[in-house]
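For reference, the structure discussed in these notes is given below.
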């Protein structure tokens with residue numbers, strides 16, 4: 324007889340379980356993003372001279388992930404070459420999907436084909452021509468030993484020329500990488516349609532914006548040319564009017580007589596005044612009176628000028644002098660004894 328037991332309640336309810344599952348997926352996504360960043364740093368800083376499983380050297384490690392990164396990057400490049408970038412891309416992309424909860428439920432069915440996408444990337448890299456530095460430091464092409472092996476087999480099997488085969492395989496591998504890469508990265512038809520629509524609309528809007536800018540630039544250039552032409556026409560019309568006015572004034576000036584105007588007399592400068600003269604409040608000095616006006620002098624005389632010849636004039640002057648002396652002698656002669664005057668004085672003695 325079976326023993327009946329009572330059912331127990333779950334430890335966590337459904338909401339809590341869903342929240343824990345979401346947080347776990349987010350943590351897994353962040354971990355994948357960190358691994359993708361580390362893989363990108365390891366592949367991007369790959370140097371064939373770093374110490375690895377097949378190279379022993381005392382030189383410092385140049386790989387950003389140290390000796391471990393150099394030891395992992397060397398065999399990756401030897402096997403798949405630059406196709407190793409597919410590993411970093413897959414890790415980063417699926418880490419973002421898990422962190423954002425965008426199609427993370429399709430991860431298991433899509434990630435199974437990730438190695439095939441990496442192999443196609445190696446074959447595509449093998450179709451590219453390596454540089455001189457790569458040829459000096461590596462014994463294989465950009466696709467590693469795997470890419471070189473597959474391309475060598477295809478060149479042997481296909482009956483066409485090697486140059487055409489390489490170009491054709493490069494085109495086919497490029498298309499295959501895009502198609503298989505979209506599948507591996509978890510894209511659906513709806514997402515691809517949205518991405519295609521976004522790209523088409525963005526391209527159309529960018530083209531429309533470019534044409535608008537070009538149209539504005541062209542219209543602005545036309546308006547600027549019109550304004551410049553109008554200004555030039557206005558300038559020519561103004562010059563023509565000025566020339567006509569100048570000709571009219573020149574014709575009027577030619578019919579009139581002008582006299583030179585004398586320049587005004589300069590005013591006498593004031594004499595510099597002394598310090599006390601500039602401060603009349605300290606010492607008050609009487610100003611000098613103005614000079615009196617000069618006397619009016621008559622320029623003519625009532626005297627009769629003798630205009631007789633020289634000898635006669637001298638004789639007449641001598642005669643006049645003698646007559647004057649005789650007349651003066653008679654007038655000044657007085658008696659020696661003058662009558663006495665009572666109480667009165669006498670006059671002054673004559674000079675002669």
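Numbering (this note's numbering), first residue to last: 324 to 675.
Glycine included, each C-beta is placed from N, C-alpha and C at the ideal position.
None of these values were measured; they are calculated from a predicted model.
Worksheet entry | Three-state class that DSSP yields for residue 542 in the structure shown | Note: residue 542 maps to helix in three-state DSSP.
Worksheet item: Less than 8 Å separating the beta-carbons of residue 440 and residue 500?
Response: With respect to residue 500, residue 440 sits close: the two C-beta atoms are nearer than 8 Å.
Fill in: Per-residue DSSP class, three states only, for residue 338
DSSP places residue 338 in helix when its eight states are reduced to three.
Worksheet entry | residue 655 versus residue 648: straight-line alpha-carbon distance, rounded | With a pLDDT of 49 at residue 655, under the threshold of 50, the modelled position of this residue cannot be trusted; read the value that follows with caution. Going from the Cα of residue 655 to the Cα of residue 648 covers about 11 Å.
Discussion item. Check whether the stretch 409–422 and the stretch 375–383 touch, using three or more Cβ-Cβ pairs below 8 Å as the test.
Written reply: Not touching, per the Cβ criterion.
Practice prompt. Have a look at residue 324 and residue 421 and give me their C-alpha separation to the nearest angstrom.
Written response: Low per-residue confidence applies at residue 324: pLDDT is 49, beneath 50, and the placement is therefore not dependable enough to give any value.
Worksheet item: Going by beta carbon distance, what residues of the same chain come within less than 7 Å of residue 469, once the five residues before and after it are set aside?
Response: 402, 403, 442 and 445.
Fill in: Cβ neighbour criterion (16 or more within 10 Å) applied to residue 433
If you draw a 10 Å sphere on the C-beta of residue 433, you find 16 or more other C-beta atoms in it, and that means buried.
Practice prompt. Apply the 10 Å Cβ neighbour rule to residue 384 and answer buried if 16 or more other Cβ atoms are within range, or exposed otherwise.
Written response: It counts as buried.
Worksheet item: Roughly how many angstroms lie between the CA atoms of residue 382 and residue 370, to the nearest whole one?
Response: Rounded to whole angstroms, residue 382 to residue 370 spans 12 Å at the Cα level.
Worksheet item: Under a three-way DSSP split, which group does residue 575 fall into?
Response: If DSSP states are grouped into helix, strand and coil, residue 575 belongs with the helices.
Worksheet item: Beta carbon of residue 449, beta carbon of residue 480: below 8 Å?
Response: Contact flag unset, no.
Worksheet item: Between residue 387 and the rest of its own chain, which residues show a CB-CB distance below 6 Å, the 5 nearest in sequence each way excluded?
Response: Closer than 6 Å at Cβ, skipping near neighbours: 364 and 368.
Item to complete: Buried or exposed for residue 507, please, with buried defined as at least 16 other CB atoms from any protein chain shown within 10 angstroms of its CB.
Response: Classified as buried, residue 507 has 16 or more neighbouring CB atoms from the shown chains inside 10 Å of its CB.
Worksheet item: In whole angstroms, what is the alpha-carbon distance linking residue 532 and residue 570?
Response: One C-alpha to the other measures close to 56 Å.
Worksheet item: Whose CA, out of 461, 511, 640 and 642, lies closest to the CA of residue 400?
Response: Checked all of 461, 511, 640 and 642; the closest Cα to residue 400 is 461.
Worksheet item: Among the residues of its own chain, which have a CB less than 7 Å from the CB of residue 416, if the five just before and after it don't count?
Response: So the list reads 508, once near-sequence residues are dropped.
Worksheet item: residue 426 and residue 352 look like a contact to me (Cβ under 8 Å); what is the Cβ gap, rounded to whole Å?
Response: Actually they do not touch by this definition, with Cβ atoms about 12 Å apart.
Fill in: Residue span of the alpha helix (DSSP H) that contains residue 497, given as start and end
That run of the alpha helix (DSSP H) goes 485–507.
Discussion item. Using C-beta distances below 8 Å, list every residue in its chain close to residue 356, excluding the 5 sequence neighbours before and after it, in chain order.
Written reply: Excluding residues up to 5 positions away in sequence, 414, 415, 418, 419 and 422 lie with their Cβ nearer than 8 Å to the Cβ of residue 356 in the same chain.
Worksheet item: CA-CA distance, residue 354 and residue 348?
Response: So the alpha carbons of these two residues sit roughly 10 Å apart.
Practice prompt. Note down, in chain order, each residue of its chain lying with its Cβ closer than 6 Å to the Cβ of residue 639, except the 5 sequence neighbours on either side.
Written response: Counting only Cβ-Cβ distances below 6 Å, and skipping sequence neighbours, we find nothing.
Worksheet entry | Simplified DSSP state of residue 552, which is helix, strand or coil | Residue 552 sits in a helix when the DSSP states are folded into three classes.
Worksheet item: Looking at the unbroken alpha helix (DSSP H) that takes in residue 455, where does it start and where does it end?
Response: Counting along the chain, the alpha helix (DSSP H) containing residue 455 begins and ends at 455–460.
Item to complete: Pick out whichever of 467, 524 and 518 has its Cα sitting closest to the Cα of residue 505.
Response: Comparing Cα-Cα distances from residue 505 to each of 467, 524 and 518, the minimum goes to 518.
Discussion item. Once DSSP output is grouped into helix, strand and coil, what is the label at residue 515?
Written reply: The answer is helix: DSSP assigns residue 515 an H, G or I state.
Item to complete: With a 10 Å radius around its C-beta and 16 neighbouring C-beta atoms as the bar for buried, classify residue 465 as buried or exposed.
Response: The residue in question, residue 465, is buried, as its Cβ has 16 or more Cβ neighbours within 10 Å.
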